[in-house]
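Throughout the sequence shown, residue numbering follows mature numbering (1 follows the signal peptide of the UniProt record, and there is no 0), covering -18 to -1, 1 to 523 in sequence.
For each residue, glycine too, the CB sits at the ideal point set by N, CA and C.
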Amino acid sequence: MKNLIQTICFFLLQTALAQLMMHKYNQLEIKGIEFDWSARTMPIGDQQLLIAQNIRGYDQLFQIQLMIIDIGKNDVVKQITIGGVDESNYCPDILIMNDSIFIAFVSEKGSILNVLVKKFNLFLEDSRIELNLGTTIQEVKIIQKMQFICLFQLNKNLLTVLWYAQGKEYPTKQWNMILYNPTTGVKGEILILPDSEFVSVTQNNLGIIAIAQSNNNNIILSKLFEGKLTTRSISSDIYYFHQQRVTIRSLSTNEFVVVRWTNYIDIILRRFDRDFEASQSPFRILAKEFCTIDRIQQIDISLTDSQLILVNKCQEEIKIQQIDLLNFHYNQYNSEQYRQIDVDNKQNLYSIQINYINHNRLLLRWFTQQFNYYTLSVQLIDLNLKINECILNCDNCDNLFKCQECNKNYQLDTIKNHCNPICPDNCLYCSDATYCDRCKLGYQYTKENLCVSPTNDFKELKVSRETESKGKGKIINKDLFIIVIYSVYQSDKQQYLVIRKLDNQGQLLKKVELQQDLQALVDYDIADSFDDDVFFIFIKW
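Next up, the structure:
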């Protein structure tokens, strides 16, 4: 089996390996708010963070605290609690979908533990939609390091809820799974999945739902398509006595990627085709820095439709690796970036998690223990940049990598977060601050990157050689040449047009004549364009 595993060497063929020490992250400490290391987080854009966590409420019963935090201002925008005087609510998971917040949690009344789902808008206003999906197991109350409820978005109109339950079809315990369409309110039947410690679900554009589960010995793969559920188990190839986690994602090619890892840096990736059949042998992903089990603190992996992001805390810094999953040739991935975050507190770091935003931007968050409480730190990462740096032509960024001041000769567009070039006077548009692409009409470009008015140093040119009388004439002044157009009379009628292209010194570059047989020219006009090689002539015969 070991022969099936090939070591990936990430050669820098197309994307340069980028490494940057980043000191700009937000440490959130809000008066009156105590963060729990097991809190669930989701970004709302790149300025706000949604947090769901357990707190003690009435008569020491658990409640769920749901709040929105402004990252830049380090302040709570709004918060609510979910729970009553006769019940405990805990173990939440959250999902933001179509500008709505969905939260799944355990509601305990008496000895019954039900799994509920509620819906809120982005202002934390209750939509009065509540689903009771069924019961879960008593271990939810005492085992904190296992996630008993999971929410996944499958497409723009479909989500799935999974929860751990007492086994009926399986002898010990099982995962219950249900599909739900929030738009139509249609809820599917409960599907039964085998017992496992971790579970992950995705769907490709062909409608195939793929499920990956893991325990210490095996990886369980299930496929749901057209109402039919099939399940199989494969060897994990990881022989350590540590929790084996798993995640799955569909790529833009409709393929599937399954990644499994432990709290030791032992990461194995395997690709599957669009029908969820194995298409490649397993690969071992090598971290940039070897980290022994006694030194590793935290690790998390996230998949997008084209990237794998690996985050770990081993020694002094948080290490981030980014791998392009679509750039795969000759049994190797040819594109990688590497970056790291230098943290103030080198120890007691908990629960690193990657929260994906959109357009290859994500928030990386982690908790740090401070005496008897936890602080929450957040780092914005833009994967579109080779390294986390200010935008092009920006001189100073804030800790969310938003530009505060542009370089000389550039002005800041605060809405688009762009540094636009300041064009020279009388320039129509420019691609950067060192070159004017086109001067305004009536101005001429110089090698000093200026648009100037023509001087009074006129040069008399004889541009027409025809002996006949001339009619109406027009001139277009391009940056590097001049267009002269005039009509020619024959038998007291305008018969044809002459177009001459001259350089700036008056030398003839090209001559064209336009005429139609047996038709006189009634009138014509011309119009310029933004293209240096294009202008328009309108002719009436």
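The bridge partners DSSP lists for asparagine 137 are Leu140. For glutamate 299, the enclosing beta strand (DSSP E) begins and ends at 299 to 306. Contact between isoleucine 76 and leucine 32 holds, with the beta-carbon distance rounding to 6 angstroms and staying under 8 angstroms. When the Cα atoms are used, serine 234 and serine 284 turn out to be separated by approximately 15 angstroms.
Taking the Cα positions, isoleucine 267 is about 42 angstroms away from isoleucine 62. Nearest neighbour of leucine 479 by Cα position, chosen from Ile230, Ile508 and Leu432, turns out to be Ile508. In this structure, the straight-line span from the alpha carbon of glutamate 151 to that of isoleucine 174 is close to 7 angstroms. DSSP lists Ile464 as the beta-bridge partner residues of asparagine 459. Boundaries of the beta strand (DSSP E) around asparagine 96: 94 to 103.
If you check the CB distance, phenylalanine 265 and arginine 256 do not come in under 9 angstroms.
Taking C-beta atoms as the reference points, isoleucine 78 and leucine 104 count as a pair closer than 9 angstroms.
Glutamate 121 carries a helical assignment under DSSP once its states are collapsed to helix, strand and coil. In the three-state scheme derived from DSSP, where H, G and I count as helix and E and B as strand, glutamine 129 is classed as coil. Under the three-state reduction of DSSP, glutamine 289 is assigned to strand. The beta carbon of isoleucine 12 lies closer than 8 angstroms to those of Ile51, Asn56, Asp57 and Val58 in the same chain, with the five residues before and after it left out.
Contact between asparagine 337 and proline 25 holds: CB atoms are separated by about 5 angstroms, below the 8 angstroms threshold. In this structure leucine 308 touches serine 288 by the C-beta definition: roughly 5 angstroms separates them, less than 8 angstroms.
Under the three-state reduction of DSSP, glutamine 498 is assigned to coil, being neither helix nor strand. In this structure, the CA atom of valine 241 is about 42 angstroms from the CA atom of asparagine 389. In terms of Cβ geometry, isoleucine 339 and leucine 345 form a close pair [threshold 9 angstroms].
Counted as a single uninterrupted DSSP element, the beta strand (DSSP E) harbouring phenylalanine 254 occupies residues 249 to 254.
The criterion of a C-beta distance shorter than 9 angstroms is not satisfied by phenylalanine 517 and tyrosine 506.
Taking a C-beta distance under 9 angstroms as the contact criterion, isoleucine 230 and valine 183 qualify as a contact pair. Excluding residues up to 5 positions away in sequence, Ile191 lie with their Cβ nearer than 6 angstroms to the Cβ of leucine 206 in the same chain. Exposure of proline 153 is indicated by the presence of fewer than 16 other C-beta atoms within 10 angstroms of its C-beta. Per DSSP, the continuous beta strand (DSSP E) segment holding phenylalanine 87 begins and ends at 82 to 91. Looking from the CA of glutamine 477, the closest CA among Leu491, Asp485 and Glu495 belongs to Glu495. Its chain contains Gln477, Tyr478, Leu479 and Leu503 as the residues whose beta carbon lies nearer than 8 angstroms to that of glutamine 497, once the 5 sequence neighbours on both sides are disregarded; these appear in chain order. The C-alpha of asparagine 197 lies about 46 angstroms from the C-alpha of leucine 374. By the neighbour-count criterion, in which a residue is buried when 16 or more other Cβ atoms sit within 10 angstroms of its Cβ, aspartate 407 is exposed. Of the residues Leu95, Phe180, Asn187 and Asp108, the one whose Cα lies closest to the Cα of asparagine 139 is Asn187. Under DSSP, glutamine 9 takes part in a beta bridge, and its partners are Ser359.
Within the same chain, Ile190, Ala192, Leu203, Lys205 and Phe238 come within 8 angstroms of phenylalanine 258 by CB-CB distance, once the 5 residues on both sides are set aside. Within the DSSP secondary-structure output, histidine 400 pairs in a beta bridge with Asp395.
Per DSSP, the beta bridge partners of leucine 490 are Leu484. Closest in alpha carbon position to glutamine 129, among Leu136, Val143, Asn137 and Gly116, is Val143.
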